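First the structure, in the form of structure tokens, and then the observations on it.
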Amino acid sequence: MRARPRLKNPILRTRQPLTPPMPRSRTALGLTAQAAEGRFSLQRCESCGQVQYPPADSCRACLSEELLWTPMSGRGELLAHTTLHHSNDPFYRERLPWRLGLTRLAEGPVVVAHLHRDCPPPPAAARVTAKLDKAGRGVLVALPADELGDMSTDPRHGEFSCDPEHRKVLVTDGKSRVGQALVRELAAAGAAVVWVGQAEPWKKYAGQDAIEKLDQATVVPLDLTDERGVKRIGAEIGGRVDILINNAELHRTQGIAGSAGAELARREMEVNYLGLLRLAQAFGPAMRARGADGGASATAWVNVLSVYALSNYPPQGTYSASKAAALSLSQCLRAEMQDAGIRVVNVFPGPIDEEWNQTLPPPKLAPERLARDIVQGLRDGVEDLFPGDVAKEWLERWKDNPKVLERELALESHTA
Amino acid sequence: MNGLLQDLLAGIAADKLRVVDLTHTLSASFPQLSLPPEMGQALPYRSEEISRYDGRGPAWYWNNFTLCEHTGTHFDAPIHWVSGRELPNNSVDTIPPEHMIAPACVVDCTADAERDADFLLTRERLEEWEAEHGRIPAGAWVLMRTGWARRVNDPVAFQNYDEIGQHTPGPSVDGVRFLVDERDVLGFGTETIGTDSGQAQRLNPPYPCHYYMHGAGKYGLQCLNNLDRLPPTGAVLFTAPLKLEEGSGSPLRVLALIPA
Numbered sequence: 138m139r140a141r142p143r144l145k146n147p148i149l150r151t152r153q154p155l156t157p158p159m160p161r162s163r164t165a166l167g168l169t170a171q172a173a174e175g176r177f178s179l180q181r182c183e184s185c186g187q188v189q190y191p192p193a194d195s196c197r198a199c200l201s202e203e204l205l206w207t208p209m210s211g212r213g214e215l216l217a218h219t220t221l222h223h224s225n226d227p228f229y230r231e232r233l234p235w236r237l238g239l240t241r242l243a244e245g246p247v248v249v250a251h252l253h254r255d256c257p258p259p260p261a262a263a264r265v266t267a268k269l270d271k272a273g274r275g276v277l278v279a280l281p282a283d284e285l286g287d288m289s290t291d292p293r294h295g296e297f298s299c300d301p302e303h304r305k306v307l308v309t310d311g312k313s314r315v316g317q318a319l320v321r322e323l324a325a326a327g328a329a330v331v332w333v334g335q336a337e338p339w340k341k342y343a344g345q346d347a348i349e350k351l352d353q354a355t356v357v358p359l360d361l362t363d364e365r366g367v368k369r370i371g372a373e374i375g376g377r378v379d380i381l382i383n384n385a386e387l388h389r390t391q392g393i394a395g396s397a398g399a400e401l402a403r404r405e406m407e408v409n410y411l412g413l414l415r416l417a418q419a420f421g422p423a424m425r426a427r428g429a430d431g432g433a434s435a436t437a438w439v440n441v442l443s444v445y446a447l448s449n450y451p452p453q454g455t456y457s458a459s460k461a462a463a464l465s466l467s468q469c470l471r472a473e474m475q476d477a478g479i480r481v482v483n484v485f486p487g488p489i490d491e492e493w494n495q496t497l498p499p500p501k502l503a504p505e506r507l508a509r510d511i512v513q514g515l516r517d518g519v520e521d522l523f524p525g526d527v528a529k530e531w532l533e534r535w536k537d538n539p540k541v542l543e544r545e546l547a548l549e550s551h552t553a
Numbered sequence: 267m268n269g270l271l272q273d274l275l276a277g278i279a280a281d282k283l284r285v286v287d288l289t290h291t292l293s294a295s296f297p298q299l300s301l302p303p304e305m306g307q308a309l310p311y312r313s314e315e316i317s318r319y320d321g322r323g324p325a326w327y328w329n330n331f332t333l334c335e336h337t338g339t340h341f342d343a344p345i346h347w348v349s350g351r352e353l354p355n356n357s358v359d360t361i362p363p364e365h366m367i368a369p370a371c372v373v374d375c376t377a378d379a380e381r382d383a384d385f386l387l388t389r390e391r392l393e394e395w396e397a398e399h400g401r402i403p404a405g406a407w408v409l410m411r412t413g414w415a416r417r418v419n420d421p422v423a424f425q426n427y428d429e430i431g432q433h434t435p436g437p438s439v440d441g442v443r444f445l446v447d448e449r450d451v452l453g454f455g456t457e458t459i460g461t462d463s464g465q466a467q468r469l470n471p472p473y474p475c476h477y478y479m480h481g482a483g484k485y486g487l488q489c490l491n492n493l494d495r496l497p498p499t500g501a502v503l504f505t506a507p508l509k510l511e512e513g514s515g516s517p518l519r520v521l522a523l524i525p526a
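In order, the protein sequence lines correspond to chains A and B.
Residue 189 in the working numbering sits at position 52 of the first sequence, and the numbers go up by one each step.
Residue 448 in the working numbering sits at position 182 of the second sequence, and the numbers go up by one each step.
In structure tokens:
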């Protein structure tokens, strides 16, 4: 557990967000793509088996171009270390001294990594992980070998993580089972404040009293279809929100043939797609301005999408389309939040165990599990989260061949 | 100018006739009719800015709004209900304009509704009202005053849901039959979100006010405001819905003229 960050003197200028240098080669972005999902992978040559670092277009040993990104064990030995006391880069100048080291991985290559404060001087065993830095680039971080948890004991922790501890969080729909689980999980994770969005206040829900009794919870009226209402809440609390978790959604289950007219699909888009747009306009600017605001700065924006955003699941065809639209818009938001150092996290759950999936057979993702994975994902600093086995399996099938997955899903919907 | 109209204007100018606005302000937080979520839903009122003296339109301010035909203070036409679907002139664009100006009888059920949110206005109560105020004339609105409009800023109290549904007052089956069959009224108006009571899906027939009124070509008004400012008889209502093609209803501004 971290100490509560010191309160900031409000008459001093708010530090403006900076990011480490951004440009990377296309090949090197492969490391970023892996780190975005929380994996540390390097290129392994299919011809000679050599693992190489830094990433390159061909194998340094045999010149083969058949290179496959392969997960690393992370085990290694710290060979050398140094501490930077000077940098020409504004981001690092603010954060000096900064510790770096060379680590030889069990798989062979020697890598440059940021060093955790507690790494003993070389020679020493180390555990290397891949993280996203404030610019959203994949970087390597070496931890002491016996460090089991994350790196929350390091004061530089915040540069690679979006830990909700001591932070103020908005959950846009606190009524759904997922929303309630998120509020409870955030409270347990030490969030300072959890704003609980509630639409249609006259509709009571099971669990309402327990949620509203939580010390950290403050209910706010929030209906993503209401532009003025979203703006009003944005004005009231937007300058204090450190983490925004947008889990509000309209989930109905129909394709095209099973529905009449566009009214229901329009309502799905109103919440799932335009709701995200309204939120981003109302909360984005204030959050961007606070990307480096003291010890508990604005740090992350989480969109709870669906694995159906990747490929349409015909029995829930219009819902899938709205989530695909939200995914696309979320990529725009991510690009716009990047230079403020605010991480946009997309969550792609498979079917959740909730009322609109009542007739789907298991396995279904428990809302509590989803909430746990989201909070852990924030701590780990990942950018794309596929909670549960179904989502992970879809992702693998989609990566392997999106066209094949499309055909499989069409077939599933005929047999469903 | 015609003398009658001149007298009317002079009466308003001299404060001998007063104009009462029976309409609630449409806002995003105005409570909306809620059906089981798997059914189609009426859209609440939403307004989005087109421009506000800014880059989107430097010298002008305007909004686009969306809503259902049955959002806020609104009018129900006979075509709204299956019982009125085959009637002539049954949609808001075809109903005769003469029907848009009509007298109103106001039945005060405030105390009853305070005692019992599920209060039903029966034939017996209507006959008691007639004994005091005279026979309900053909072609008149009958407005059920319950004080419900006072709850409008508290959507939870206005909707008044519990685990078996909504609890709001409305007319009973025999009350509706009496007004339709024996009094030939123009329509029925309420302060609540529907012309029927909150539990009316459990009456026989379900939603009797919708069923019988619209089946007989009568109209409905709901979410009315300021009924406490109307006399039991003597008010004249102006109820012109928007002229929506084949519209089943329409939000509207309801005005009443009353003697001072």
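Ideal Cβ positions, reconstructed from N, Cα and C, are used throughout, including at glycine.
Keep in mind that this is a model prediction, so the values were computed, not measured.
Inter-residue CB distance, residue i and residue j (contact presumed, cutoff 8 Å)
i        : j        : result
A:Thr362 : A:Val308 : 17 Å between Cβ atoms; not a contact.
B:Phe341 : B:Leu487 : 6 Å
A:Pro504 : A:Ala263 : Between A:Ala263 and A:Pro504 the Cβ distance is about 37 Å, and since that is not below 8 Å, they are no contact.
A:Ala386 : A:Ala508 : Per the sequence shown, residue 386 of chain A should be read as Glu rather than Ala. With a Cβ gap of about 15 Å, A:Glu386 and A:Ala508 do not count as contacting.
A:Leu401 : A:Arg415 : The pair is not a contact, with the Cβ atoms about 20 Å apart (cut-off 8 Å).
B:Ser349 : B:Tyr477 : 5 Å
A:His251 : A:Leu237 : 6 Å
A:Ser467 : A:Val444 : Not quite, the Cβ-Cβ distance comes to about 14 Å (not below 8 Å), so this is no contact.
B:Pro297 : B:Gln425 : 5 Å
A:Arg152 : A:Ala429 : 5 Å
B:Leu274 : B:Leu309 : About 38 Å; that fails the 8 Å criterion.
B:Gly441 : B:Leu496 : Wrong, their Cβ atoms sit about 19 Å apart, outside the cutoff.
Reduced DSSP secondary structure (H/G/I, E/B, other) of residue i
i        : result
B:Thr376 : helix
B:Ser317 : strand
A:Trp493 : helix
A:His251 : strand
A:Gly454 : helix
B:Gly350 : helix
A:Gly334 : strand
A:His218 : strand
B:Gln298 : coil
A:Ile380 : strand
A:Thr169 : helix
B:Leu283 : strand
B:Tyr478 : helix
Pair within 8 Å by beta-carbon distance, residue i and residue j
i        : j        : result
B:Leu518 : B:Thr339 : yes
B:Lys484 : B:Leu521 : no
A:Asn483 : A:Leu442 : yes
B:Leu292 : B:Ala415 : no
A:Val367 : A:Gln335 : no
B:Cys475 : B:Thr458 : no
A:Glu214 : A:Arg241 : yes
A:Gly525 : A:Pro452 : no
A:Ala326 : A:Val512 : yes
B:Thr412 : B:Cys371 : no
A:Thr169 : A:Gly211 : no
B:Gly455 : B:Gly431 : no
B:Thr499 : B:Gly400 : yes
A:Lys340 : B:Ser317 : no
B:Val373 : B:Trp407 : no
A:Asp476 : A:Thr156 : yes
Under 7 Å from the C-beta of residue i: neighbouring residues of chain B
i        : result
A:Pro338 : Pro421 and Val422
Enclosing alpha helix (DSSP H) for residue i [first to last residue]
i        : result
B:Met410 : Run containing B:Met410: none in the alpha helix (DSSP H); it sits in the beta strand (DSSP E), Trp407 to Arg411.
A:Phe420 : Leu411 to Ala426
A:Lys368 : Glu364 to Ile374
Contact list for residue i against chain A, beta-carbon separation under 9 Å
i        : result
B:Ser313 : Asp363, Glu364 and Arg365
B:Ser300 : Glu337, Trp339 and Lys340
B:Ala294 : Asp360, Thr362, Asp363, Glu364, Arg365 and Gly366
Interface partners of residue i on chain B, CB under 9 Å
i        : result
A:Glu491 : Per Cβ cutoff of 9 Å: no residues; A:Glu491 is ~12 Å from chain B at best.
A:Lys341 : Val422, Tyr427, Asp428 and Glu429
Chain-ordered neighbours of residue i on chain A, where CB pairs are closer than 8 Å
i        : result
B:Pro297 : Trp339
Contacts that residue i makes with chain B (C-beta to C-beta distance below 8 Å)
i        : result
A:Glu400 : Gly306
First and last residue of the uninterrupted beta strand (DSSP E) at residue i
i        : result
B:Gly340 : It is worth fixing the name first, because residue 340 of chain B is His in this sequence and not Gly. Here the beta strand (DSSP E) through B:His340 covers His340 to Asp342.
A:Pro281 : Gly275 to Pro281
Test: residue i CB closer than 8 Å to a CB of chain E
i        : result
B:Thr332 : Within the model displayed, chain E is absent; protein chains A and B are what it includes.
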